[in-house]
Amino acid sequence: MKIGIITFHAAFNYGSMLQAYALQTYLSRQGHDVEIINYRSHYQKSIYYKPFDIHSIYSILSSFKRLLLYPSSLCRLKTKWELFNSFLNQNLKITKEYNTIHELERVPWDYDLLITGSDQIWNTGAPDSGEAYFGNFINNANTKKIAYAPSLGQYPENVDTKFLKAQIRNFTALSVREEKAKDLLIKYGIAKDISVVCDPTLLLDVQAYERLYREEPLIQGKYIFFYTPVGLPLDYFKIVNDFAETLGMPVITERAYYPKDIKKYKHIMNYPEVGPSEFLNLIKNATYVCGGSFHLQAFSILFRKEFYCINGDKDSRTHNLLVKLGLEDRIVSLSHPTIVTSHPTINYDNISNKLTYYREPSFDFLNKYTVK
8 MKIGIITFHA AFNYGSMLQA YALQTYLSRQ GHDVEIINYR SHYQKSIYYK
58 PFDIHSIYSI LSSFKRLLLY PSSLCRLKTK WELFNSFLNQ NLKITKEYNT
108 IHELERVPWD YDLLITGSDQ IWNTGAPDSG EAYFGNFINN ANTKKIAYAP
158 SLGQYPENVD TKFLKAQIRN FTALSVREEK AKDLLIKYGI AKDISVVCDP
208 TLLLDVQAYE RLYREEPLIQ GKYIFFYTPV GLPLDYFKIV NDFAETLGMP
258 VITERAYYPK DIKKYKHIMN YPEVGPSEFL NLIKNATYVC GGSFHLQAFS
308 ILFRKEFYCI NGDKDSRTHN LLVKLGLEDR IVSLSHPTIV TSHPTINYDN
358 ISNKLTYYRE PSFDFLNKYT VK
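Going by the numbering used here, the sequence shown opens with residue 8, and the numbers climb by one from there.
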């Protein structure tokens, strides 16, 4: 079967790029001819532009602004951009680039199946989301369309339900990644028959990722890997710095630029030369993993790491995953911002059984609609 995928594959975010890789890899292993539609809106490209690039006024002004605010950051950003771009070109099979919905509509697509998802493509509050991610640009009556694990974001109750209702149409089957997203779509009459499936990164076993990173640890010795994809509240720094103080080991983070007063947290060290491959290496070789990222938790589970999820009780995405696997005790609430070091180690034999059970409906969903 010839399958096209449209998702946030080129957002220079570890989870976005790795989930695209995972879904493509899973389907390819089932014998399908799979490619990712290389849709990159002008807005998304303006966010993830190459530093020092002079292709637009926006990139020139943004580079100049960052140079003034973070004089050492641009070189780090350039390295990150190169690592992400290299990963994309080496590991994803993509079409030529398209930048507008009108360009997509003019293409005579010949897919047997179009998959929209995963990631936050249906989060209407995300600035780089849009109508392309609902697949209505497909004009071929022979192409089936399904949604696999799109997310409505951290706060699904804030999405534009009128926009979703207008866009979610002509799907052969719908699935979402979180229970709250399913409940909301049903509540507003947007859809009735909806499956809840796992994130694509969890479709693969850990061996599928080993080819993506070098075996030698980037950081020697014991360390805590800390990552959150959004802004860095200083509360997060204090939590992980206090944890490091207790354990007597450094915290490694990967920011290209960060608040200047990070320096007052003596245990936090920055290692900014990180793309998707290096991200996996840092998780794989960490003693502990901490942060506020859904995909950080997902890969921590796959790599069987001791981890803690900061603010996970307020994020429907991470909360949904941790509840499914019985890992709620790994949530650190900002209302009680202390990591309890006396927690028993995670019983990953038990978690592995739960993960197998959690994956099964996802395999069934994909297999049902990828058979001609």
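No residue lacks a Cβ here, since even glycine has one placed at the ideal position from N, Cα and C.
When burial is assigned at 16 or more other CB atoms within 10 Å of the CB, is residue 342 buried or exposed?
Your numbering for residue 342 matches position 335 in the sequence shown. Residue 342 comes out exposed.
Inter-residue spacing [alpha-carbon to alpha-carbon] between residue 123 and residue 349
Position 116 of the sequence shown holds residue 123. Position 342 of the sequence shown holds residue 349. Straight-line Cα distance between these residues: approximately 42 Å.
Flag residue 220 as yes when its Cβ comes closer than 8 Å to any non-hydrogen atom of the ligand GTP, and as no otherwise.
Absent from the structure shown: the ligand GTP. Ligands present: none.
So, are the CB atoms of residue 338 and residue 310 less than 9 Å apart?
Here residue 338 refers to the residue found at position 331 of the sequence shown. Here residue 310 refers to the residue found at position 303 of the sequence shown. No.
For residue 157 versus residue 188, is the C-beta spacing smaller than 9 Å?
As a first step, residue 157 is located in the sequence shown; it is residue number 150 there, counting from the start. As a first step, residue 188 is located in the sequence shown; it is residue number 181 there, counting from the start. Going by C-beta atoms, residue 157 is nearer than 9 Å to residue 188.
Please identify the residue among 17, 21, 137 and 327 whose C-alpha is closest to the C-alpha of residue 286.
The residue you call residue 286 lines up with position 279 of the sequence shown. That would be 21, whose Cα lies nearest to the Cα of residue 286.
For residue 170, which of 230, 139 and 181 has the nearest alpha-carbon?
For the purposes of this step, residue 170 is identified with residue 163 of the sequence shown, where counting begins at 1. If we check each option's Cα against that of residue 170, 139 comes out closest.
Own chain, CB closer than 6 Å to residue 129, minus 5 neighbours either side, in chain order:
Here residue 129 refers to the residue found at position 122 of the sequence shown. The residues are 157 and 159.
Ordered list of beta strand (DSSP E) runs contained in the segment 214-294, each at least 3 residues
231-234, 258-260 and 275-277
Let me know if residue 262 comes out buried or exposed under the rule of 16 or more other beta-carbons within 10 Å of its beta-carbon.
Within the sequence shown, residue 262 is the residue found at index 255, counting from 1. Buried, by the Cβ-count rule.
Could you tell me if residue 161 is buried or exposed, where buried requires 16 or more neighbouring beta carbons within 10 angstroms of its beta carbon?
Your numbering for residue 161 matches position 154 in the sequence shown. So residue 161 counts as buried.
Helix, strand or coil at residue 307 [DSSP, three-state]
For the purposes of this step, residue 307 is identified with residue 300 of the sequence shown, where counting begins at 1. Correct three-state label for residue 307: helix.
Consult DSSP for residue 167 and reduce its assignment to one of helix, strand or coil.
One-based indexing of the sequence shown puts residue 167 at position 160. In the structure shown, residue 167 sits in coil (DSSP, three-state: anything other than H, G, I, E or B).
Which of helix, strand or coil DSSP assigns to residue 19
Along the sequence shown, one-based indexing puts residue 19 at 12. If DSSP states are grouped into helix, strand and coil, residue 19 belongs with coil.
I'd like to check one pair, residue 27 with residue 6: are the Cβ atoms closer than 9 Å?
Nothing in the structure corresponds to residue 6, since the chain is present only between 8 and 379.
In the structure shown, what three-state DSSP assignment does residue 153 receive?
By 1-based counting over the sequence shown, the position of residue 153 is 146. Residue 153 falls in the strand class under three-state DSSP.
Quick one: what's got a C-beta closer than 8 Å to residue 324's C-beta in the same chain, skipping five residues either side?
Numbered from 1 along the sequence shown, position 317 holds the residue referred to as residue 324. Cβ neighbours of residue 324 beyond the five flanking positions: 158, 160, 161, 184, 185 and 301.
Go ahead and pull the three-state DSSP assignment for residue 91.
Along the sequence shown, read from residue 1 onward, the residue named residue 91 stands at position 84. It is helical.
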